[in-house]
Each structure stands twice: as structure tokens, then as C-alpha cells.
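Worksheet: one structure, shown below.
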Amino acid sequence: MSVLSERVKKLRNCKRQSQNEVGKALGKSRETVSKYELGEREPDPEAIILFAKHFNVSSDYLLGINEQSQNMATEEIIPYSPELAAFEKYLKDENFIPYLQLAVRMKDSNIEINQFEKLINKIIKQTKSNVK
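Numbering-wise, this note's numbering puts 72 at position 63 of the sequence shown, and it's gapless, one number per residue.
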């Protein structure tokens, strides 16, 4: 399976769309989308552009030239889970992305939220006193 096949399938699943839904959005049949995902057929350049627009990623990302998609609910594709459903609007908000990335870095660094909250409060307090 090619990088493109894997990414198209992953993006479709992350958007919780059927092959039929993606096919309709792109003017393709469900069977064609299935063949793209299985690597049995390579999309033409026009189809790659349609996929990129539909999933809001670059064609370079789809082709494996670039490892980062354009957005994050896109920067790192987050699989759907019921727990995340309540936060879905934030995950799609480009202004929220840096906060999500920070949370991931904090988790990876084993920084506890309590410690971070104290640090943020201290910075805010100092910033306010410097502004006066």
C-alpha cells in the first residue's frame, strides 16, 4: 500500500466518513475510492488535488513528500473517540492548536498541570505588575 493510499484511508476514517461519502464529495464512485485506499489504482493529479481540498491537507502530505498536514486537527491527525467529541470544536479551531501542542509537550515531559498552572499564574501576575 502506498503512502497516499494509507493517508487517504486514515483521513477518511478520522473524519468518520464512508467511502461513499468521500466519493460523492469528489465526484468519484465508492469503488474508485476503495481502489485508491487499497493501492489498486493511483489517482490522477486532479483527484489528488480534490482529496487534498476535501481533507484540508496539502497534496505534498498526501504524496508523502511532507510529513505534516496543513492544519492540526490536522497537524497530527487525532482519531475519533467519544471522550474527544465534547472538545471537537476546539480541535478544529486553529487558534487552539498551540495550546493542544503545549499540552502534548507537557504530557511528554511529565509536567503536572498543577505545576504548570502555578507557573502561568506567576507569569500573569508579573506581566500585570510590569504593565502598570
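Where is the CB? At the ideal position from N, CA and C, for every residue including glycine.
Under the three-state DSSP convention, the category residue i falls into
i: Glu30; result: helix
i: Asp117; result: helix
i: Ala61; result: helix
i: Glu76; result: coil
i: Asp69; result: helix
i: Pro107; result: helix
i: Glu51; result: coil
i: Phe125; result: helix
i: Arg39; result: helix
i: Arg16; result: helix
i: Ser11; result: coil
i: Ala112; result: helix
i: Arg25; result: coil
i: Ala95; result: coil
CB contact flag (residue i, residue j, <9 Å)
i: His63; j: Leu109; result: no
i: Val66; j: Val42; result: no
i: Leu32; j: Arg39; result: Sequence inspection shows Gly at residue 32; the Leu mentioned does not correspond to that position. Going by C-beta atoms, Gly32 is nearer than 9 Å to Arg39.
i: Phe60; j: Leu20; result: yes
i: Met115; j: Phe125; result: yes
i: Ile57; j: Leu72; result: yes
Can at least three beta-carbon pairs, one atom from the stretch 40 to 55 and one from the stretch 10 to 19, be found at a separation below 8 Å?
A contact exists between the stretch 40 to 55 and the stretch 10 to 19.
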